[in-house]
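Chemist: So the mapping is simple: the numbering used here equals the position in the sequence shown, first residue as 1, plus 2.
Just so it is clear, CB atoms sit at the ideal spot from N, CA and C, and this is done for glycine as well.
What you are looking at is a predicted structure, and each value in this text was computed from that prediction instead of being measured.
Take a look at the following structure, please.
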Amino acid sequence: MNSLLLSQGRVIDPANRLDQVADVLIVDGKIAAVGPNAGAQAPADAERFEAAGLVVCPGLIDCHVHLREPGQSAKESIATGAAAAARGGFTTIVCMPNTAPAIDNAATVTWIRERAEQQGVVNVYVTGAITRNIAGEELAPIGSLKQAGVVAITDDGHCVQDHELMRRALEYAKMFDLTVMDHCQDYSLVAEGVMHEGYWSAVSGLRGWPSAGEEMIVARNIMLADLTGARVHCQHISALGSVQLLRAAKAKGTPISGEACPHHFVLTDAAIAGSDAFWEKDGLALFPGGPTPAKFPEWPAYDTNFKMNPPLRSAQDREAVLEGVADGTLEVLCSDHAPHCDFEKEVEFDYAPFGITGLETELALSLMQLYHSGRMGLTDLITRFTLGPARLIGLKKGTLDVGADGDVTVFDPDAAWVFERNQSASKSFNSPFYGWPLKGRPVATITAGKIRWRLRPAALA
Ligand SMILES: [Zn+2]
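The following block contains the structure:
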């Protein structure tokens, strides 16, 4: 028997409406006891973790991660992506199918699952493509993908433009009890856009990606969810109009959901004009009531680490995404961790690939913008990282029920720290957040009762 006792942390388990100082005992990989005196049941040889002053919660789940394997392992591998997840406090990640080749057949699903089992330090679940080769032309074999173990289907990175094909995808997905996740982008409206269409795209001389390019497909998905009864999940919501559409649809019972990524609720399109433009106005909202940092992080205009898809939008959109997360319209928080090599990002803004890494800064940025800002309590915030994604894809995780998997995250909600390039476990360095003053830090990541990563105690002093 191997056992682990986390003693006297602030245990927050939204599924059981628990928020109290307690012990968590994990025996043989499963939660064995939770309570103020659960430690009394610990075997004498149990490994012990002193969690006083720290939050202990169900293992965090990130349902939107690009692991780049197979085919693009210069950017990331299953092993390094999972290691970055562990450093970020995530016990479970869900990888996207836009690999090379795409995850559009059972053999690739099996290959990833086996490799993740051997090399991944955290739990890895796989999504399959909606269409063959993510080309948007004919459906992937959805039934055999499900049999091979995918937890959802998505063409993420791309968007099925043919509404009739999307309708059939939803009908199949419903038959197989799969959620369809969608990257909402209307190609005709977005065309060659590289940043949000608005004041700053005009100032910067870059082609705009209008909010309507996202809202159009969110509206389409609502209509098709109503038509088919299938569950549709709108990925990385960035625009105010999308949040409004989702809120109204959920109120009338449409089986639709949405997610938010920290970059969309921390940054704005002003960041593409450089750090001075950002900190002059939009950036100050990150420090409500002060104090502001002694030194603000700096970056040049046209920095490609601020280029992602969908793009950073206006301060108004940022506020709408925050409100959407706080009121539950967007029930899932995730990173859209999208690693790229330096040489790919070190080109002109127009030519750089979209996307940034995010697993290691996601918890801190979410705590800052949602909890420290007073918008949400810790229980609701943890729900967006645990029960929210677990329900979305039907995982029996995200709780500390006795008998549940022994996946636990320990974090310090108040620790101040700075994210540095040399601290990352990812292979890639395309983060806009190096050198940022952050508040809230993962301390330990535990899956099946084993500590997979822990912060050196000196770092917390
Ligand atoms: Zn996407």
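By Cβ distance below 6 Å, which residues in the same chain neighbour L6 in space, the five residues on each side in sequence not counted?
Modeler: On the sequence shown, residue 6 is found 4 positions in, with the first residue counted as 1. Result list for L6: I28, E49, G451, in chain order.
Chemist: How big is the Cα-Cα spacing for V268 and V23?
Modeler: On the sequence shown, position 266 is the one that residue 268 refers to. On the sequence shown, position 21 is the one that residue 23 refers to. The straight-line gap from Cα to Cα measures roughly 31 Å.
Chemist: With 16 as the cutoff for other CB atoms within 10 Å, does Q120 come out buried or exposed?
Modeler: Mapped onto the sequence shown, residue 120 falls at position 118. That one is exposed.
Chemist: Relative to the alpha-carbon of S79, which residue among P60, I63, H198, A102 has its alpha-carbon at the smallest distance?
Modeler: Taking the first residue of the sequence shown as 1, we reach residue 79 at position 77. Measuring from the Cα of S79, the nearest candidate turns out to be A102.
Chemist: Determine the extent of the beta strand (DSSP E) in which Q10 is found, giving its start and end residues.
Modeler: As a first step, residue 10 is located in the sequence shown; it is residue number 8 there, counting from the start. Looking at the DSSP string, the run of the beta strand (DSSP E) that includes Q10 is 5-15.
Chemist: Residues in the same chain with beta-carbon distance under 7 Å from M218, minus the five sequence neighbours each way, listed in chain order, please.
Modeler: Here residue 218 is taken as the residue at index 216 of the sequence shown, counted from 1. Correct list, in chain order: D188, L191.
Chemist: Would you say the beta carbon of G159 is closer than 7 Å to some non-hydrogen atom of ligand 2?
Modeler: This structure does not include ligand 2; its bound ligands are ligand 1.
Chemist: Out of A142, G330, E362, which one is the CA nearest neighbour of A340?
Modeler: Here residue 340 is taken as the residue at index 338 of the sequence shown, counted from 1. Cα-wise, what sits closest to A340 is E362.
Chemist: Identify whether K452 lies in helix, strand or coil by the three-state DSSP scheme.
Modeler: Here the question's residue 452 lines up with position 450 in the sequence shown. In the structure shown, K452 sits in a strand (DSSP, three-state: E or B).
Chemist: What are the complete beta strand (DSSP E) segments, minimum 3 residues, inside the region 89-135?
Modeler: Runs of the beta strand (DSSP E) inside the region 89-135: 92-97, 125-128.
Chemist: Does the beta-carbon of N311, which I'm using as the reference point, lie nearer than 7 Å to any heavy atom of ligand 1?
Modeler: Taking the first residue of the sequence shown as 1, we reach residue 311 at position 309. The answer is yes for N311.
Chemist: State yes or no: is the C-beta of D64 nearer than 7 Å to some heavy atom of ligand 1?
Modeler: The sequence position of residue 64 within the sequence shown is 62, counting from 1. Outside the cutoff, so no.
Chemist: Which residues share a DSSP beta bridge with R50?
Modeler: Mapped onto the sequence shown, residue 50 falls at position 48. In DSSP, R50 forms a bridge with L7.
Chemist: Beta strand (DSSP E) containing G243: first to last residue?
Modeler: Sequence index remark: in the sequence shown, residue 243 carries index 241 (1-based). G243 -> not in any beta strand (DSSP E); alpha helix (DSSP H) instead, spanning 242-253.
Chemist: Could you give the distance in angstroms between the alpha-carbon of G291 and the alpha-carbon of E166?
Modeler: As a working note, residue 291 is residue 289 in the sequence shown. As a working note, residue 166 is residue 164 in the sequence shown. Their backbone Cα atoms lie some 50 Å apart in a straight line.
Chemist: Using alpha carbons as the reference points, say which of N135, R115, G159, E140 lies closest to Q149.
Modeler: Numbered from 1 along the sequence shown, position 147 holds the residue referred to as residue 149. The shortest C-alpha separation from Q149 is found at R115.
Chemist: Please confirm whether any heavy atom of ligand 1 lies closer than 7 Å to the CB of H185.
Modeler: Counted from its first residue, the sequence shown places residue 185 at position 183. Under cutoff, so the answer is yes.
Chemist: From V36 to H198, what distance separates their C-alpha atoms?
Modeler: Counted from its first residue, the sequence shown places residue 36 at position 34. Counted from its first residue, the sequence shown places residue 198 at position 196. Distance between the alpha carbons of V36 and H198: 47 Å.
Chemist: Three-state secondary structure (DSSP) at R377?
Modeler: Residue numbering aside, residue 377 sits at position 375 when the sequence shown is read from its first letter. Here R377 sits in coil by DSSP.
Chemist: On the DSSP letters alone, give me the boundaries of the beta strand (DSSP E) that G260 sits inside.
Modeler: Mapped onto the sequence shown, residue 260 falls at position 258. Looking at the DSSP string, the run of the beta strand (DSSP E) that includes G260 is 258-262.
Chemist: Can you have a look at V152 and say buried or exposed, based on whether 16 or more other CB atoms are within 10 angstroms of its CB?
Modeler: The residue you call residue 152 lines up with position 150 of the sequence shown. So V152 counts as buried.
Chemist: If we call anything under 8 Å between Cβ atoms a contact, is H235 one with L389?
Modeler: Against the sequence shown, residue 235 aligns to sequence position 233. Against the sequence shown, residue 389 aligns to sequence position 387. No, the pair does not count as a contact, with Cβ atoms beyond the cut-off.
Chemist: With hydrogens ignored, establish whether the beta-carbon of H265 is closer than 7 Å to any heavy atom of ligand 1.
Modeler: Mapped onto the sequence shown, residue 265 falls at position 263. The answer is no for H265.
Chemist: Under 8 Å between the Cβ atoms of S66 and Q237?
Modeler: As a first step, residue 66 must be located in the sequence shown, where it is residue number 64. As a first step, residue 237 must be located in the sequence shown, where it is residue number 235. Going by the sequence as given, residue 66 is His instead of Ser. Yes, Cβ-Cβ distance for H66 and Q237 is below 8 Å.
Chemist: At a threshold of 7 Å, does D338 count as lining ligand 1 (C-beta to nearest heavy atom)?
Modeler: Against the sequence shown, residue 338 aligns to sequence position 336. Flag set: Cβ of D338 near ligand 1.
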